[in-house]
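J.: Numbering that gives the first Met the number 0 numbers the first residue of the sequence shown as 0 and each following residue consecutively.
Backbone N, C-alpha and C define an ideal beta-carbon position, used for all residues, glycine too.
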Amino acid sequence: MAGLPPGMSKQEAAMHVDAYMEYRNLVGDTDGGAPLPEREYEELRRKAAKAKQNELFVFFRNSKGLDCRAAGPSSRCFCTHRYRDHAWFEVDTKRVKCRMAGCPCKCYQLIPVQGSQDIKCRQCRHSFEDHKADPKLMKACGKPNCRCSCFTAVWSCSCGETWEDHQTVFETEIPGQPYRIRARGALQGLFHRLRAVQYRGGSKEEGLLGEHLSEVLLGRLEGGGSRPGMLM
Ligand SMILES: [Zn+2]
Ligand SMILES: [Zn+2]
Ligand SMILES: [Zn+2]
Ligand SMILES: [Zn+2]
Ligand SMILES: [Zn+2]
């Protein structure tokens, strides 16, 4: 390691790197470039450690109570930000609001897109991203001169229902659930582990590949799952 500050050992430097990685892992892009105050960060660390014991699982549930999808760290929210940018550690309150600076989103709501995909509005044909995430504004479109007062998605689920028919729900319990839900829980765990690998010094490509792999597996699960033995 070149260019250590005077008096700092390699071990000390490694500790700093670890602390930095942990900070990035927990805070992500949500601090807007200004480090969190120490007390706030310690509170966040405490909640995150607790959340590791008793994790929130996020499901996209249709009107018949079937869980069609599960959210992973990179899954998008109606507010455009990712699940990891939300308060995923609020296990007790389940108030999973967005942590990105200035975002009015009060609770994570899954938008089933991957990568650069988009979902357009049935009323105005603008992207979901153009619509307001502030719950007081009822998902009105923010494009100049657009009079759309509520986003409805041009999208239908493999279950045949619309985006609006589904709810994003937060669960802490997985045991005793049918196979598909347990499998989703397991895959979500995989997401978390792959992300951890990336932050512990794996390359960005490895991290992305891992996330892609999990997305593919989740996609498989949506598509059929007639051979449960394959996944578990
Ligand atoms: Zn959000
Ligand atoms: Zn947001
Ligand atoms: Zn619209
Ligand atoms: Zn519009
Ligand atoms: Zn569905």
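(1) In this structure, how does DSSP classify K96 when only helix, strand and coil are distinguished?
(2) In the DSSP output, what is R232 paired with across the bridge?
(3) Starting from E89, trace the alpha helix (DSSP H) both ways and give me its first and last residue.
(4) Report the three-state DSSP secondary structure of L109 (helix, strand or coil).
(5) Alpha carbon to alpha carbon, how far is G31 from C76?
(6) Does any heavy atom of ligand 3 sit closer than 7 Å to the C-beta of Q122?
(7) I need the boundaries of the beta strand (DSSP E) containing E170, first residue and last residue.
(8) Could you spell out where the alpha helix (DSSP H) holding D17 opens and where it closes?
(9) Measuring alpha carbon to alpha carbon, tell me which residue in V90, H85, D91 and Q108 is nearest C97.
T.: Quick answer:
(1) Translated into positions along the sequence shown, residue 96 becomes position 97. K96: coil per DSSP, three-state reduction.
(2) Outside the displayed span of the chain (0 to 231) sits residue 232, for which this structure offers no information.
(3) One-based indexing of the sequence shown puts residue 89 at position 90. Here E89 belongs to no alpha helix (DSSP H), and DSSP marks it neither H nor E.
(4) Taking the sequence shown and counting its residues from 1, one reaches residue 109 at position 110. The answer is strand: DSSP assigns L109 an E or B state.
(5) Against the sequence shown, residue 31 aligns to sequence position 32. Against the sequence shown, residue 76 aligns to sequence position 77. Spanning the two alpha carbons is a distance of roughly 19 Å.
(6) Locating residue 122 in the sequence shown gives position 123, counting from the first residue. For ligand 3, at least one heavy atom lies less than 7 Å from the Cβ of Q122.
(7) Position 171 of the sequence shown, counting from 1, holds the residue named residue 170. Start and end: Q166 to E170.
(8) Here residue 17 refers to the residue found at position 18 of the sequence shown. That run of the alpha helix (DSSP H) goes K9 to V26.
(9) As a position in the sequence shown, residue 97 is number 98, starting the count at 1. For the residues V90, H85, D91 and Q108, the minimum Cα distance to C97 belongs to H85.
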